[in-house]
Structures are given as C-alpha cells and as structure tokens.
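Protein chains in written order, with the working numbering: chain A, 5 to 204; chain U, 5 to 204. C-beta atoms are modelled at their ideal positions from N, C-alpha and C, and glycine is treated no differently.
2 protein chains.
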Amino acid sequence: MKAAKAATPVRRASIGARRNPASQAAILAAARAVLAEDGYAGFSIDAVSRRAGAGKPTIYRWWKNRADLLMEVYAAEKAGIRAVPSADLAQDLIDHTSALWSFWCGTPSGRTFRALLAEAQSDPEALAALREKFLPERLQDVRGLFTAAVARGDIPAAEVEARLSLYIGFNWFYVLTDQLDAGQASIPAAMRLIAARSGP
Amino acid sequence: MKAAKAATPVRRASIGARRNPASQAAILAAARAVLAEDGYAGFSIDAVSRRAGAGKPTIYRWWKNRADLLMEVYAAEKAGIRAVPSADLAQDLIDHTSALWSFWCGTPSGRTFRALLAEAQSDPEALAALREKFLPERLQDVRGLFTAAVARGDIPAAEVEARLSLYIGFNWFYVLTDQLDAGQASIPAAMRLIAARSGP
DNA sequence: TCCATAACGGAACGTTCCGTTTCGTTATTA
DNA sequence: TAATAACGAAACGGAACGTTCCGTTATGGA
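As structure tokens, this is what we get:
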C-alpha cells in the first residue's frame, strides 16, 4: 500500500536545451502529495523524486535545497488567500484567521508550513530566507489590516510590530502544536486583545 | 578543527548490573555542548555519543529518542527560572519575558528549544509528548501569573487560554525566527495588550 | 542544415545518521 | 560463586543526503 504512485504515467523526456516547466509542475505536485500523505517525516527529496518520476538532479536544478522547494509549494497554494480591511480590525483579524486555519486544515498547507518552520531550524540560510523574503511577502495582506487601522486612528503606528508579532505567534503556536481544531474557540478573544484600542 | 573533544578523559566502564548516572550526566552535558556549538543541524545521536564517550545503546537505554533527550536537556536548564505573580499582570509578563529571553540567549537553551520544536514536527509521538507533558510543566509558572490576575478580578477566567496562547506564540515567533535581539522593543507593548482589562 | 548545448530520467556514487545487535568487560546482587 | 545487566565499542542494514555520471532528446545559433 506504500508503493509509489505514478500520478503522471506520461514520461517527460528532454524537450531540448532548456528547462521543462512540466517537470517543475510535476515536482511541485509530488511534493504537495507527499506532504499531504506523510507530513514532514516522509518528506525527502528521494520520495518527491520517485513520486514525480523526476530525477533528483532535476529537482536541484530548479530549487537549491529542501527549504526552497517547501517555500514554493506553500506560496503556490497560499496565493488564493487575500485579506482586505474593513472598518473593524478585530473582525478583520477574526475573519482572516478563520480563513487561514481552514486553509491550513483543508489543504496540505498546514503540514507544509510546519515542515518549512522545522526545516529552517537546521539551516541558517533557509531561516534568513524565511525571515527576509518569505514572511514579509506572506504577511503583506495582514500587515495591511493593521496599517489600515492605524490610518483610521484606531491603533498607534508604533504598536504595529508588537501586534503583528502577537498575531503571527498565535497562529504559529496552534499550527505547530497541531491544535488548530481545539484552538478555534480562542480566536475571537485573542483577536479582540490584539485589536484593542490602547490606553487605560 | 572538527575533532571530537573529550570533555571527560575519564573512562566510565560498567559499574555492575545497574545504570551509571555518570553516563547519563555525561550524555546530557555532551548534548548541551553539541547544541551550543552546532545547533540543531549538528545535533545527532552519533555526535552526542562521540562527544560523551558513550555508546549509542547507552543513550537509547536512558532516552527513547532524540526528542526525549532534547526535552530533558531543556528541562534541566530551565529549572532555575521561576515566576511569581505580583499585583500587576503586565509587569509580571514583561519581567518574565525578559528573563526568558536572556535565558534563551545566554545559554544553549534557545537553540535547544528550537531543536525541540523542529524535532516534534517530524515525530507525532514527540509532538504529543510536547503538548501534553512538556509544555504544561514548563508553562505552569506563567499560567499562574494569569490565574492570579483572574483571582484579583483583573481579567476574566474564560480568557486565560486565549491570553496564554498569545503569550506563548509571541515568544515562539521571536525564538524560531532567531530575532530575540531585535524583538525586545516589542515586549512591553505586546505584554500590555495581553494583560489588558477586557471590554471597551 | 548541422551541431554544440543543455535539460531530461535514471542509476550509482560516497557520506552521514538512524536505531539495533553483537561483543568482551565490569561489578553488583541474589 | 553465579546470574545478571549496564558499560564502551564496533558493526549492522536501511534511508536520505547532495553530486556525478550516463545515454537520450530536442533546441537554437552558426
């Protein structure tokens, strides 16, 4: 039952002296499938290679390491999730968190994200890429929710980083402990605190 | 330059038909040293075994896997950090966070903790142990800060979980992204939000 | 039109680590 | 005194790493 499935019975030979986008797509799909079925424990370049019917050199031709591949798998799936500010920061955060957790639970993305954070702990270069490129891109929307609240005068500009960190960390805690189901009840109260107007 | 140092030139032969606590101590010290020098990337049972001058079977006789060893390394160092509530939850959290981050930066414990979280992402059994045993024990003190605030009538009992999750996640975010230095400025504002009295 | 070029899948490389087993040695405990 | 069990060391089979070859395929510049 653990036999490597051939999702693409089609063979992709060389298409000449240039990279084959079909190979890239097959590798991404295979990586996604492996993560969905076996999580980070089963995620190996060998496994992805077998699953995709692609050679390992082809994988390393497109991505320089495992973290790089994981980031692209995640980014490709995350693309659909947007967040546009209304006039209520707390409600914006509640809505976005619900959507995010549904996305994490309903797709392999939760596992991909956990794998990504784990991978970055053993590779300083990957951690730097995560911190300086991946996260800023992925957090652009939710940061916009806070800056919109600043523009409305609801929260001070100086507190955006602290509130954003609270928001990120809250999500990370639940996804990393695999408690997204049990933790949903905490979302509204937590988001109200993050969105609270300052002062006594 | 990568030669395995022998911190203990003393040989520990068998002391008879019972476990040798000196071996356990040497292994814990070696694990701590490996993490301090090479982080999670260099942390392997082989490396710890070489460093400790201990056989691998001896390691597995005391701990059932790497996560188990990591948890004990962390717990042994963390033992010194206590948190007792005053009358001000926000200040209690600021003080405790400062102490925790100093502990994470000034000892190998930050790296140990990051390794622990990473390890748990590829081992469901380790994640369960982290969630149901390690974390509750480690968070007992800080949970006490919140329940003391509840007893004073400062925050509602129903919000303890949400606020505690915010607190944990905030710390995890900064340690996992290796930003403890740069993030210190966010501590006071974040803690005030976590400790805020509810309602408008 | 021809041919250097480069990506393709596949196989094998040497290394590292896993967790386990085997070994002779050591000293306790029954 | 004899059974017991942990000790360090070495080696096991298996998996994954990242790299290097291989023969094949088709492009794109000369």
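Segments of 4+ residues assigned as alpha helix (DSSP H) that fall wholly inside the segment 88–157 of chain A: 93–110, 113–124, 128–133, 139–142, 144–155
Can you check whether the CB of Arg-16 (chain U) is closer than 9 Å to the CB of Ala-2 (chain U)? There is no way to answer for residue 2 (chain U), as the model of chain U reaches only from 5 to 204.
I'd like to know if the segment 141–160 of chain U and the segment 126–144 of chain A are in contact, where contact means that at least 3 CB-CB pairs between them fall below 8 Å. no
Under 7 Å by beta carbon: chain A residues contacting Phe-209 (chain U): Residue 209 (chain U) falls outside the range modelled here, since chain U spans only 5 to 204, and no answer is possible.
Flag Pro-128 (chain U) as yes if its beta-carbon sits less than 9 Å from any beta-carbon of chain A, otherwise no. Position 124 of the second sequence, counted from the first residue, corresponds to residue 128 (chain U). Judged by the 9 Å Cβ criterion, Pro-128 (chain U) is in contact with chain A.
Let me know if Glu-123 (chain U) comes out buried or exposed under the rule of 16 or more other beta-carbons within 10 Å of its beta-carbon. Residue 123 (chain U) sits at position 119 when you count from the first residue of the second sequence. Burial call: buried.
For Phe-177 (chain U), go through chain A and note every residue whose CB falls closer than 7 Å to its CB, in chain order. Indexing the second sequence from 1 puts residue 177 (chain U) at position 173. Result: Ser-169, Ile-172, Gly-173, Trp-176.
Mind checking the segment 75–91 of chain U against chain A and listing, in chain order, the residues whose C-beta falls within less than 8 Å of any C-beta there? none
Alpha-carbon spacing of Ser-169 (chain U) relative to Asn-175 (chain A), whole angstroms: Numbered from its first residue, the second sequence carries residue 169 (chain U) at position 165. Numbered from its first residue, the first sequence carries residue 175 (chain A) at position 171. Near 9 Å, if we compare the C-alpha coordinates of Asn-175 (chain A) and Ser-169 (chain U).
Chain U residues whose Cβ lies nearer than 9 Å to that of Ile-31 (chain A): Here residue 31 (chain A) is taken as the residue at index 27 of the first sequence, counted from 1. Residues of chain U passing the Cβ test: none, with the nearest at roughly 21 Å.
Please list the terminal residues of the continuous alpha helix (DSSP H) segment that includes Arg-55 (chain A). Counting from one through the first sequence, the residue named residue 55 (chain A) turns up at place 51. Its alpha helix (DSSP H) spans residues 49–56.
Does the segment 87–99 of chain A come close enough to the segment 44–64 of chain A that 3 or more CB-CB pairs lie under 8 Å? no
So Gly-20 (chain U) is in the alpha helix (DSSP H); what residue range does that whole segment cover? For the purposes of this step, residue 20 (chain U) is taken as the residue at position 16 of the second sequence. Per DSSP, Gly-20 (chain U) belongs to no alpha helix (DSSP H) and is neither H nor E.
Buried or exposed by the 16-neighbour rule on C-beta atoms within 10 Å, applied to Trp-187 (chain A): On the first sequence, residue 187 (chain A) is found 183 positions in, with the first residue counted as 1. Reading off the sequence, residue 187 (chain A) comes out as Gly, not Trp. So Gly-187 (chain A) counts as buried.
What separation, rounded to the nearest whole angstrom, lies between the Cα atoms of Arg-201 (chain U) and Pro-160 (chain U)? For the purposes of this step, residue 201 (chain U) is taken as the residue at position 197 of the second sequence. For the purposes of this step, residue 160 (chain U) is taken as the residue at position 156 of the second sequence. For Arg-201 (chain U) and Pro-160 (chain U), the distance between alpha carbons rounds to 8 Å.
Measuring alpha carbon to alpha carbon, tell me which of U:Val-146, U:Arg-142, U:Pro-25 ends up nearest Arg-65 (chain U). Mapped onto the second sequence, residue 65 (chain U) falls at position 61. Taking only the C-alpha atoms, the option nearest Arg-65 (chain U) is U:Pro-25.
Check whether the Cβ atoms of Val-38 (chain A) and Ala-87 (chain A) sit closer than 9 Å, and answer yes or no. Position 34 of the first sequence, counting from 1, holds the residue named residue 38 (chain A). Position 83 of the first sequence, counting from 1, holds the residue named residue 87 (chain A). No; because the gap between Cβ atoms is not below 9 Å, this pair is not in contact.
Are any of the Cβ atoms in chain A nearer than 9 Å to that of Asp-182 (chain U)? Within the second sequence, the letter at position 178 stands for residue 182 (chain U). Interface residue, yes.
Can you tell me whether Arg-22 (chain A) is buried or exposed? The criterion is at least 16 other CB atoms within 10 Å of its CB, across all chains shown. For the purposes of this step, residue 22 (chain A) is taken as residue 18 along the first sequence, with counting starting at 1. It counts as exposed.
Does Ile-198 (chain U) have its Cβ less than 9 Å from a Cβ in chain A? Locating residue 198 (chain U) in the second sequence gives position 194, counting from the first residue. Yes, Ile-198 (chain U) counts as interfacial toward chain A.
Taking buried to mean at least 16 other C-beta atoms within 10 Å of its own C-beta, is Ile-191 (chain U) buried or exposed? On the second sequence, residue 191 (chain U) is found 187 positions in, with the first residue counted as 1. Buried: at least 16 other Cβ atoms inside 10 Å.
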